[in-house]
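I have placed the structure first, in the form of structure tokens, so that the comments after it can refer back to it.
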Amino acid sequence: MRFLSTSYSAWLALLGAVLMWGGIAYGLWAINSAQASREQKIVEAEQLAIQQSAALRLHALARDTKEQREKLEKVARMDIVEILDAIEGLARDAKVPVEIGQAHSEPGSAASPVHAAFFVIQIQGSFAQIFHTVSLLEAIPIPSSVSELDFERLP
42 MRFLSTSYSA WLALLGAVLM WGGIAYGLWA INSAQASREQ KIVEAEQLAI
92 QQSAALRLHA LARDTKEQRE KLEKVARMDI VEILDAIEGL ARDAKVPVEI
142 GQAHSEPGSA ASPVHAAFFV IQIQGSFAQI FHTVSLLEAI PIPSSVSELD
192 FERLP
């Protein structure tokens, strides 16, 4: 009987050891999963903070550039009459006679509100006056460019 109780106690000790190792393994698994969950939450919080920071910078940039965007919108939406008035005012400032003729425009697309307009501008004066007026036309605060110059000396 003593032999039988010794074998039972050995089996019980083995069962207890296996249960303890199982408990330790379960505890390690629970700790690892909790740590992984914490790390995932930290990564998500960092990503959210980066997104919020980018959104704040974008809003600050939009707020800081509101006046410049309004000016740009005003320039982009100028009417042809306003452009012609600006060119004539520039010629008055340069003190040269200017004649604007042969104005035509290209139809723009429905997606873009910007339309191209072409003008033939005749300027009379000395070479220096003409060159000065052309440089003013290049620098006018309207999205424009001077594409061609023809010089003619009148008798």
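Residue 42 is where the sequence shown starts when you use this note's numbering, and the numbers rise one by one after that. Where a beta carbon is used, it is the ideal one built from N, C-alpha and C, also for glycine.
Backbone CA spacing between residue i and residue j [nearest angstrom]
| i | j | result |
| --- | --- | --- |
| Met42 | Ala58 | Reliability of the predicted coordinates at Met42 is poor, the pLDDT of 49 falling under 50, and no value is obtained from them. |
| Phe192 | Glu140 | 15 Å |
| Val137 | Glu114 | 31 Å |
| Ile91 | Ala132 | 53 Å |
| Ile24 | Ala169 | Limits of the chain in this structure are 42 at one end and 196 at the other, which puts residue 24 out of reach. |
| Leu99 | Gly63 | 54 Å |
| Met103 | Leu89 | The sequence as given places Ala at residue 103; Met does not occur at that position. Taking the straight line joining both Cα atoms gives about 21 Å. |
| Ser46 | Ile72 | 38 Å |
| Trp70 | Ala101 | 46 Å |
| Ala135 | Asp126 | 14 Å |
Residue interval of the beta strand (DSSP E) (run including residue i)
| i | result |
| --- | --- |
| Gln143 | 139-147 |
| Gln161 | Just to set this straight, residue 161 is Val in the shown sequence, not Gln. Start and end: 157-164. |
Where the alpha helix (DSSP H) containing residue i begins and where it ends
| i | result |
| --- | --- |
| Arg133 | 121-135 |
| Trp174 | Here residue 174 turns out to be Thr, not Trp, going by the sequence shown. Element bounds for Thr174: 168-180. |
Whole-angstrom C-beta distance between residue j and residue i, which should lie under 8 Å
| i | j | result |
| --- | --- | --- |
| Leu158 | Ile121 | Before going further, note that residue 158 is Ala rather than Leu in the sequence given. Confirmed, Cβ separation roughly 6 Å. |
| Ile171 | Ile164 | 5 Å |
Are the stretch 80-95 and the stretch 105-114 touching, with three or more C-beta to C-beta distances below 8 Å? For the pair of segments examined, the stretch 80-95 was found not to touch the stretch 105-114: the number of CB pairs separated by less than 8 Å stays below three.
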